[in-house]
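A short write-up of the structure that comes next.
Below, the structure is given as C-alpha cells:
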C-alpha cells in the first residue's frame with residue numbers, strides 16, 4: 541500500500557518531469573516559429589507564402605544563410621516577380637540574402653534587379669485584401685500547430701473543457717513559445733480559433749498540399765541555384 545508521503549513524492553516527480561518536458565517543447569515550438577519568421581512569412585501575405593512552397597524555395601543547408609530555387613522553377617519565379625509586387629518583394633529578399641553572403645545571383649534574377657535599380661522596371665501594384673501582418677501571423681500559428689500536432693503524441697491540440705490534467709495542450713505550448721518571438725503575446729483562445737479557422741479554408745488546404753511536397757528531400761542530381 542502506497543503511503544501518503546509516497547504519493548506526494550510521486551506527484552512531485554510527475555510535475556517536475558512535465559515541467560521539464562514543457563521547457564523542451566516550448567523551445568522546439570520556438571524553433572519552428574522563428575524558422576517561419578526568418579522565411580519572411582510574418583511580414584507578407586499569401587502570394588509570398590504560396591510561391592515559397594509551390595516553387596520549392598529552401599534555405600541553403602550550410603554556413604551561409606541564403607535561399608535556393610530549383611533551376612527548373614527559376615523562369616516561373618521571375619515571371620511571377622514581374623507580375624506581382626509581393627512576389628517581387630520575395631525576389632528582392634532572395635537577391636539581398638545572396639549579396640549579403642557573397643553568393644552569385646542567378647543571371648535572370650540579377651538582370652531583373654539591375655533593371656529595377658536603374659528604374660527600367662517598376663513592380664506591379666496590387667490591391668490589398670486582408671491585412672498582411674494578420675495573415676502572416678495567423679499562417680505561422682496555424683502551421684506551427686499543424687507541425688507539432690503531427691509530431692507529438694503526448695499532447696492534445698487543445699485542452700478539453702473541465703479537464704483536470706496538468707499537461708499543457710499544444711496551443712498552450714505555442715502561446716508560451718510565441719512570447720519569445722517577434723509575434724509576441726497571442727492568448728491561447730485566439731490561437732485555438734486561428735488554427736480551427738485555418739483548417740476550414742480552401743487556401744490553407746491548398747498550402748498544406750504544397751507543403752507536403754515541399755517537405756520531401758531533393759532527389760540525387762536535383763539542381764538548385
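Numbering (this note's numbering), first residue to last: 541 to 765. Using N, Cα and C, we set each Cβ at its ideal position, and we do this for glycine too. Values in this document were obtained by computation on a predicted structure and should not be read as measured data.
DSSP, reduced to helix, strand and coil, places residue 753 within a helical segment of the structure shown. By the Cβ neighbour-count rule, residue 726 is buried, with 16 or more other Cβ atoms within 10 Å of its own.
In the structure shown, the three-state DSSP call for residue 692 is coil. The alpha-carbon of residue 744 is positioned some 10 Å away from that of residue 586. Note on residue 626: 16 or more other CB atoms within 10 angstroms of its CB, so buried under the neighbour-count rule.
Non-local C-beta neighbours of residue 763 in its own chain, meaning closer than 6 Å and more than five positions away in sequence, comprise 611, ordered along the chain. Residue 598 and residue 608 have their C-alpha atoms roughly 5 Å apart.
When DSSP states are grouped into helix, strand and coil, residue 610 belongs to the strand group.
Among the bridge pairs identified by DSSP, residue 599 is matched with 607. For the options 556, 707 and 589, the alpha carbon positioned closest to that of residue 749 is the one of 589.
Within the same chain, 610, 613 and 754 come within 7 Å of residue 596 by CB-CB distance, once the 5 residues on both sides are set aside. Spanning the alpha carbons of residue 659 and residue 592 requires a straight line of approximately 26 Å. Straight through space, the alpha carbons of residue 707 and residue 563 are spaced by roughly 12 Å.
Residue 684 and residue 581 have their alpha carbons spaced roughly 12 Å apart. Within the same chain, Cβ atoms closer than 6 Å to the Cβ of residue 681 are found at 731 and 734, the five residues on either side in sequence being excluded.
Contact fails between the region 548-558 and the region 644-663, because fewer than three Cβ pairs, one in each stretch, are under 8 Å apart. The region 630-689 contains, as complete alpha helix (DSSP H) runs of 4+ residues, the segments 647-657 (chain order). Note on residue 649: 16 or more other CB atoms within 10 angstroms of its CB, so buried under the neighbour-count rule. Looking from the CA of residue 647, the closest CA among 720, 617 and 721 belongs to 617.
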